[in-house]
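Trainee: Below is the structure I would like to discuss, written out as C-alpha cells.
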Amino acid sequence: MLALAHLPLGALYVVADGLCYLLAHGLRYRGRVVQENLRNSFPDKSEAEIRRVTWDFYRHFSQLVVEILKLAAISPAELARRATWVNPELMAGALARQRPVITLGSHMGNWEWILGSGALALPGVMAGVYKPFKNPFVEAFMRRVRTRTGAEAVPMLGTLRYLVQHRRGGRNISLLTDQAAGPEDRPYWTTFLHQDTGFYSSAERLAAQFDCAVLYVGIRRLRRGYYEIKFTEMPSGSAVAAAPEGIFPITEAFARQLELDIQAAPEQYLWTHRRWKHKRQI
162 MLALAHLPLG ALYVVADGLC YLLAHGLRYR GRVVQENLRN SFPDKSEAEI RRVTWDFYRH
222 FSQLVVEILK LAAISPAELA RRATWVNPEL MAGALARQRP VITLGSHMGN WEWILGSGAL
282 ALPGVMAGVY KPFKNPFVEA FMRRVRTRTG AEAVPMLGTL RYLVQHRRGG RNISLLTDQA
342 AGPEDRPYWT TFLHQDTGFY SSAERLAAQF DCAVLYVGIR RLRRGYYEIK FTEMPSGSAV
402 AAAPEGIFPI TEAFARQLEL DIQAAPEQYL WTHRRWKHKR QI
C-alpha cells in the first residue's frame, strides 16, 4: 500500500477509474444504502437524476480513496498547492483569544486533506479527533497519514483530556460531527435534508465548558485533485452558555451550513454510511 502511495496522483487516478467501475457495477458497494439516502435527501429529484448523482458519487469516492492513500507520501508543497484555504485569517483571529478553537467538519469532499493541509497552512497546532480503527494495520496507517505534516491525532475518548491539557494554548481541534448519533450520545434532533436527524452535541458542551471559538470548515472539489477549503463562523461557546435549555445554536448552525454544502455538490458527500439508522425516541 505504501509503495502505491509513491505513484503520482495522475497514475493513481487511473486506478481510481477502475475502482469506480468495480464499486458501482461489479460489487455494487452499498448501492442500496446510497440510493436510499439520496432519494430521501432529495425527494424532488427524478430517478434519472438520482442515478446520475449515484454515479458521480462513486467517481468521487474512488478518487477519495487514492487521495487518502497518497497522503502517505505526498510532499508538503504539493499538498499545499492542491488544497487552497480561502480565509485562514479567521483561524488566526480565533486563536488570538488564547483559547482553544473547535472546527466542525463533515464527511464532505476530502476531509482527510483538511487535517493534513491545515497543519501546513494555518497558525497554531491542528489536532483531529478520530475513532480508532479495530484493525491495527489500518490504525497505524491512518495515524501516519494524519500526522506526517505536523497535525496531532486525538482518539475520540481523549478529547476532553486534550482540551484540559491545552486550554490556554493555540490549539485548533477538529471534529467530524455529521455521523449517526445514537440515543446514548444525547443527540440534538433537527430536520436535515428533509429527514429527522440526530446530531452529536458534544461540540456544544465542549465549546461552552472551555469558552471556545467555533468555526465550520467546508471543503469542495474544484476539479480532480484540487480542493477549496473555507471557514464559516459559528456561534461561540459563550453563546451556548447563554442559550435557553434545549437550544443548541452551534449544532443547528452546523446542520444548516452542511445542508447548503451538500445541496450544492451532492456527489461529494459520503452516502455509503447509514446516516439515518437511529430514530428519535418519543
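If you're matching positions, the sequence shown starts at 162 in the numbering used here and goes up one per residue. For every residue, glycine included, the Cβ atom is placed at its ideal position computed from N, Cα and C. Just so you know, these numbers come straight off a predicted model, no measurement behind them.
1) Hey, how far is the Cα of Ala233 from the Cα of Leu163?
2) Helix, strand or coil: how does DSSP classify Asp339 here?
3) DSSP state of Met252, grouped into three classes?
4) Quick check: what's the CA-CA separation for Arg366 versus Val175?
5) Since Ala400 sits in a beta bridge, which residues does DSSP pair it with?
6) Excluding the five sequence neighbours on either side, which residues of its own chain have a C-beta within less than 6 Å of the C-beta of His221, listed in chain order?
7) Have a look at Ala301, Leu173, Ala253, Arg385 and flag the residue whose alpha-carbon is nearest the alpha-carbon of Gly330.
8) What are the uninterrupted segments assigned as beta strand (DSSP E) that are 3 or more residues long and contained completely in the region 326-371, given in chain order?
9) Note the first and the last residue of the continuous alpha helix (DSSP H) segment covering Ile411.
10) Between the region 236-254 and the region 342-359, can you find at least three pairs of beta-carbon atoms closer than 8 Å?
11) What span of residues does the beta strand (DSSP E) with Trp272 cover, start to end?
12) Could you check which residue in Pro396, Thr215, Pro261 has the C-alpha nearest to that of Gln326?
13) Under a Cβ-count criterion, where at least 16 other Cβ atoms within 10 Å of its own Cβ denotes burial, should Lys438 be classed as buried or exposed?
14) Assuming Gly289 and Leu276 make a contact with CB atoms under 8 Å, what is their CB distance in whole Å?
15) Comparing C-alpha positions only, which one of Glu406, Lys295, Gln418, Thr433 sits nearest to Trp216?
16) Determine the direct distance from the alpha carbon of Gly279 to that of Pro410, and round the result to whole angstroms.
17) Since Thr310 contacts Leu281 with CB under 8 Å, what's their CB separation in whole angstroms?
18) Just the C-alpha distance for Gly187 and Ala342, rounded to the nearest angstrom, thanks.
19) Quick check on the burial criterion: 16 or more other C-beta atoms within 10 angstroms. Buried or exposed for Met395?
20) In whole angstroms, give me the CA-to-CA distance for Val227 and Glu406.
21) Residue range of the alpha helix (DSSP H) that Val315 falls in?
22) Find the nearest neighbour of Pro293 within the set Gly270, Asn271, Thr320, judged by alpha-carbon distance.
23) Pick helix, strand or coil for Arg304, following the three-state DSSP scheme.
24) Under a three-way DSSP split, which group does Glu389 fall into?
Mentor: The short version:
1) If you take the alpha carbons of Ala233 and Leu163, they lie about 7 Å apart.
2) coil
3) Helix.
4) 44 Å
5) Beta-bridge pairing links Ala400 to no other residue.
6) Glu428, Gln429
7) Ala253
8) 332-337, 349-353, 356-360
9) Looking at the DSSP string, the run of the alpha helix (DSSP H) that includes Ile411 is 410-425.
10) no
11) Here Trp272 belongs to no beta strand (DSSP E); instead the alpha helix (DSSP H) covers 272-282.
12) Pro261
13) By the Cβ neighbour-count rule, Lys438 is exposed, with fewer than 16 other Cβ atoms within 10 Å of its own.
14) 4 Å
15) Thr433
16) Rounded to the nearest angstrom, the two C-alpha atoms are 26 Å apart.
17) 6 Å
18) 31 Å
19) buried
20) 44 Å
21) Here Val315 belongs to no alpha helix (DSSP H); instead the beta strand (DSSP E) covers 313-316.
22) Thr320
23) helix
24) strand
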